[in-house]
Ligand code: GDP
Ligand code: MG
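Numbering (the UniProt record's numbering), first residue to last: 5 to 444.
Encoded structure:
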């Protein structure tokens, strides 16, 4: 399926230290396919693609990050940006009004949300104002009973606004009132006028638009009309247990400048989840373990940063120069610029000294550094601390593990030895100069 092909495309980037335009295009194409199939609006998909492409090619991967992790992180961040954070649902006294077309899932969602609030220790009540659909009262009452929450409705009344008013009084003891409304098949004047009047009567704290997961691009007009009428604060997507992935709801979210609050994942009152970006994204892409993957990337990046803080350049001057030191130096260089420029800035280090250093020690391009970092990521602690212990068979293993060539590994070790030699030459320098140079 689409999710696993995206996964393997990302995996193919694992060994690479550099990302090509074709690599990025391949990833973007697969994401586009998944999202379009999940009913995400074409315009939104294009915006997302541009953002991913631009960032993946422009941004330098942070030190110690592989091409794959770099792209994965950008993809994830942009997708979170697309789907948005979860709507805040404070656990406090409030009135929530549900809007949406007939059959979208309002009555079911009302009971589910009531159940959800009751599990959070609040006392919810459902107010059923639907006088349009036959059996609406019975359906609402039955679902509220299943959720074991308070319910108000009036099967004999025909004025939804009056029911809403009476319902607010009748449920005075409840903490959270969920006001269910009638839907119509279409967005006719009557429906919009009715929900405006109900909103005026109950003064809701938030209005949620309930959408069927299969809504597709029809979400746009609905969202606009309800937003104009009462203002939409959040979206609830129902029926996500079916084949529909709910991408159309993102159009509504975008249109109303709101976020997603709840997901309905079945017919019973317990089948409700709070919206959470990573789970929804995984669902959209059909990629089960996206969150785990991104968490691993985050962790790896944090470790790199933490290690950097622990590193004291003076240790390097006193003890043996190891590959770990070299990696830190490379990371520092990455921030500072080429080594030759750095050395030029050190007072008292005239041309004479510079000339004695082999050119190769100075010449490390970003690309080479990136390759070296990928290689070092595949080394054990022991190998990093004792590079001299790395023989031919270990070189082979490291090359295979990092997706590089044995020649690259050999080159890294040569570079290491060259830097070690260069460092020995520095050791006669004044401590203050050296420290200044290292900390710059
Ligand atoms: P309303 O007209 O907006 O109030 O929609 P309803 O709440 O009556 O739901 C319409 C239909 O969709 C009913 O048959 C519900 O059982 C069904 N439904 C609602 N939410 C879900 C869901 O999350 N999963 C499934 N499978 N069915 C749902
Ligand atoms: Mg209903």
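Backbone N, C-alpha and C fix where the C-beta goes; we use that ideal spot for every residue, glycine too.
In the DSSP assignment, find the unbroken beta strand (DSSP E) run with residue i in it and report its ends.
i, result
"residue 98", "98 to 103"
"residue 214", "210 to 216"
"residue 263", "263 to 268"
"residue 276", "276 to 278"
Just to check, is the beta-carbon of residue i closer than 7 Å to a non-hydrogen atom of the ligand GDP?
i, result
"residue 271", "yes"
"residue 242", "yes"
"residue 107", "yes"
"residue 220", "no"
"residue 166", "no"
"residue 246", "yes"
"residue 104", "yes"
"residue 154", "no"
"residue 34", "no"
"residue 275", "yes"
Is residue i a contact residue of the ligand MG, with contact defined as CB to any heavy atom under 7 Å?
i, result
"residue 140", "yes"
"residue 137", "yes"
"residue 110", "yes"
"residue 170", "no"
"residue 134", "yes"
"residue 216", "no"
"residue 62", "no"
"residue 184", "yes"
Would you give the residue range spanned by the alpha helix (DSSP H) that residue i belongs to?
i, result
"residue 401", "396 to 406"
"residue 284", "281 to 289"
"residue 324", "Note, residue 324: premise wrong, no alpha helix (DSSP H); not H, not E."
"residue 386", "385 to 389"
"residue 56", "46 to 62"
"residue 95", "Counting along the chain, residue 95 falls outside any alpha helix (DSSP H), and DSSP gives it neither H nor E."
"residue 195", "193 to 206"
"residue 26", "25 to 41"
"residue 78", "71 to 87"
Can you give me the Cβ contacts of residue i inside the same chain, cut-off strictly under 7 Å, excluding the 5 residues immediately before and after it?
i, result
"residue 355", "The pLDDT assigned to residue 355 is 40, lower than 50, so where the model puts this residue is not dependable, and the model offers no usable value."
"residue 388", "326, 327, 328 and 380"
"residue 24", "none"
"residue 287", "249"
"residue 184", "102, 110, 111, 114, 130, 131, 132, 133, 134 and 144"
"residue 357", "Here the model assigns residue 357 a pLDDT of 42, short of 50, so the residue's position is not dependable, and the following value carries that caveat. Same-chain partners within the cutoff: there are none."
So, for residue i: in the same chain, excluding its five sequence neighbours on each side, which residues have a beta-carbon less than 8 Å away from its beta-carbon?
i, result
"residue 122", "128, 151, 152 and 153"
"residue 135", "161, 162, 163, 164, 167 and 186"
"residue 209", "98, 99 and 100"
"residue 424", "325"
"residue 407", "18, 19, 20 and 378"
"residue 275", "116, 245, 268 and 269"
"residue 90", "263, 264, 265, 278, 279, 280 and 281"
"residue 149", "155"
So, for residue i: in the same chain, excluding its five sequence neighbours on each side, which residues have a beta-carbon less than 6 Å away from its beta-carbon?
i, result
"residue 52", "82 and 86"
Self-check item: contact_flag[the stretch 250 to 269, the stretch 33 to 53] where n(CB pairs < 8 Å) is 3 or more
Solution: As far as the Cβ criterion goes, the stretch 250 to 269 touches the stretch 33 to 53, which means the pair count is three or higher.
Quiz item: In chain order, which continuous runs of the beta strand (DSSP E) of length 3 or greater are located wholly inside the stretch 110 to 180?
Solution: The stretch 110 to 180 is shown to contain whole beta strand (DSSP E) runs of 3 or more residues at 128 to 132 and 154 to 156, in chain order.
Quiz item: With contact counted as at least three CB pairs below 8 Å, one residue from each stretch, are the stretch 6 to 18 and the stretch 219 to 226 in contact?
Solution: The stretch 6 to 18 vs the stretch 219 to 226: no contact.
Exercise. Ignoring anything shorter than 4 residues or poking outside the stretch 222 to 260, list the alpha helix (DSSP H) runs there in chain order.
Key: With a minimum length of 4 residues, the continuous alpha helix (DSSP H) runs that stay inside the stretch 222 to 260 are 223 to 234 and 253 to 260.
Quiz item: How about the stretch 175 to 188 and the stretch 222 to 235: do they share at least three Cβ pairs that are nearer than 8 Å?
Solution: Judged by Cβ distances under 8 Å, the stretch 175 to 188 makes no contact with the stretch 222 to 235, as fewer than three pairs qualify.
Quiz item: So, do the stretch 69 to 76 and the stretch 171 to 178 have three or more beta carbon pairs nearer to each other than 8 Å?
Solution: These segments do not touch.
Quiz item: Taking three-plus beta-carbon pairs below 8 Å as touching, is the stretch 109 to 122 in contact with the stretch 49 to 65?
Solution: In short, these stretches do not touch, since the Cβ pair count stays below three.
Self-check item: Inter-stretch contact at 8 Å, needing at least 3 Cβ pairs: the stretch 225 to 234 / the stretch 254 to 264
Solution: The answer is yes - the stretch 254 to 264 touches the stretch 225 to 234, with three or more Cβ pairs under 8 Å.
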